[in-house]
Structure formats: structure tokens, C-alpha cells
């Protein structure tokens, strides 16, 4: 019934980040790539909150709020791009939009 | 306290792994919501109640609703009916339900122990957070507001239907 070790929280954040990174690299569906980016941002927020809890300072949660704001902005623009990609190419394959000039 | 952390961490890892490996986007969304909720429970156990609430409301609520909207918009057409028939089978929701039940049992256990007051961790109250946010981090708040405005304008520009102008083929 003790304190949660900081290292374990950071290890969990690292594992979640790696899972998100693997998903981002391995998947070709744009929706899944966006979901993986969300996982990675969430893992970064978890690391911030864990560190903030370790030193008992509010800075970790403040940084988490900034991460949350950035995730919201990123997802709105990203999903608008997904809709545009689907309208233009009729597919969600990221490789379909590999040429900038089309 | 530690046991709850490890169970929530295991739930987060399992559900995140399933997000990455699912083929169906809606299944992946269900698992991602479970993952975000378990991370919210970890925030709660770390004494970051406000961050946990924000995680549930903004991440698992608002952002996931955006994803659901877009996936539903993309799946229009006759093919969606067959997929829908496939989605309502129990195997689609039984996995997330089990994981959420684990989280719910943990929540009941934490609350039955007397809630956050009895927890060993020192919590950071929302008041301290607000003081920090609008004190030394005021410039960050302004930049976040500019970022949100840029995201709003960008999404509006990208989502606008271009009528009266031919799409370059």
C-alpha cells in the first residue's frame, strides 16, 4: 500500500509510446495512423503527469493540458484531411497521396 | 494502491495493443476509449484528479466523438449495411466490455476505501493548477489559444465544399 514507483509509470508511458509508434509505422490506413498519434500524445501526457506527481508540483498537469490542447487541434485538422483524402482518392490508403503535386 | 496501478497499466497495454492490431476502425476506437479510461484511472491514482477528469471528458469524450463522426461519414453506402451487420456481433464489444468491467471494479474498490481523501499520495488540487496555469504559464495559455484558433481555421478551410470551382483532376 505504498507510493506507486515513478519508474513504473514512466515505463508504462514508454511502452504505450512504443505501441503507438509501431502502429504509426506499420499501418497504412490514415485513420489508424491518427489513432496511433493519439496514443503517442497520451503516453507523453502520462509521462508528464507521472513526473508532476513525483515532485508534487502542478507543472506536470499544466503540461498535460497543453498536450490535450495540441491533440484536439491536431485531430481536427487531421480528420478534415482524412475526409479530403477520401473525397479525392476514394480510399484511406496513405500511399495514395504520396505525390504532393496531384 | 499499487495493485490498482498495475491492473490499470495492464488494461492500458492490452487495449492499446488491440487498437494497433484491429482491422475494423470502430473496434479500434472502442479499445482506444478503454485505453484512455485506464490512463485516466492511473492519473487519479497519481493524485491528478483534474487531469483524470479532463482525460475522460476531452480525450475519451470529445476527441473520440470526432473520430466516430468521421468514420461514420466515410462508411456511407450499401457496403456499410453489411459491415454494420457484422459489427453488432458480440465479439465486437465483448472485449472492451470485459476490460471496462475491470476498470469499473477498480473504481468501486478505490471509492469503497474512502475515496481520494484516504489515498497515500499527495494530490495536486485544481486550484494550484489554475494558479500555475495563469501565473508562470500565461504565455503558454495564449499560445494554446492561438493554436486552437489555427486548428479551427484550418479545419474550416479544409472541410469547406468548393462549389462553383472545378476540382483539378
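Residue numbers (the numbering used here), protein chains in the order written: chain A, 20 to 121; chain B, 41 to 209.
Where a beta carbon is used, it is the ideal one built from N, C-alpha and C, also for glycine.
- Using DSSP with H/G/I as helix, E/B as strand and the rest coil, what is residue 48/A? strand
- Message: Taking its Cβ as the centre, do 16 or more other Cβ atoms sit within 10 Å of residue 82/A, making it buried, or is it exposed?
- Response: Residue 82/A should be labelled buried.
- Message: Just to confirm my understanding: we take residue 68/A, look at its own chain, exclude 5 residues before and 5 after, and list those with CB closer than 7 Å. What are they?
- Response: Counting only Cβ-Cβ distances below 7 Å, and skipping sequence neighbours, we find 79, 80, 83.
- Member of 107/A, 99/A, 48/A whose CA lies at the smallest distance from the CA of residue 199/B: 99/A
- Task: Hey, could you find the ends of the alpha helix (DSSP H) residue 167/B is sitting in?
- Result: 166 to 173
- So which of 110/A, 73/A, 101/A has the shortest CA-CA distance to residue 163/B? 73/A
- Supposed contact pair residue 35/A and residue 17/A - C-beta distance, whole angstroms, cut 8 Å: Beyond the ends of chain A as shown, which are 20 and 121, falls residue 17/A; an answer cannot be given.
- Query: When the cut-off is 8 Å and only beta carbons count, does residue 33/A lie next to chain B?
  - Reply: no
- Query: Do residue 106/B and residue 101/A have their C-beta atoms within less than 8 Å of each other?
  - Reply: no
- So residue 81/B packs on residue 143/B, CB below 8 Å; how close in whole Å? The pair is a contact, with the Cβ atoms about 6 Å apart (cut-off 8 Å).
- Message: So, for residue 107/A: in the same chain, excluding its five sequence neighbours on each side, which residues have a beta-carbon less than 7 Å away from its beta-carbon?
- Response: Within the same chain, residue 107/A has no close Cβ partners at all.
- Task: Taking a Cβ distance cut-off of 9 Å, strictly less, list which residues of the region 68 to 83 of chain B are near chain A, in chain order.
- Result: Listed by position, the residues of the region 68 to 83 of chain B near chain A (Cβ gap below 9 Å) are 68, 69, 72, 75, 76, 79, 82, 83.
- Task: On a CA-only basis, which of 64/B, 66/B, 60/B, 67/B is nearest residue 43/A? Give me that one, please.
- Result: Of the candidates 64/B, 66/B, 60/B, 67/B, 60/B places its Cα closest to the Cα of residue 43/A.
- Nearest-angstrom Cβ-Cβ length linking residue 58/B and residue 71/B, presumed shorter than 8 Å: 4 Å
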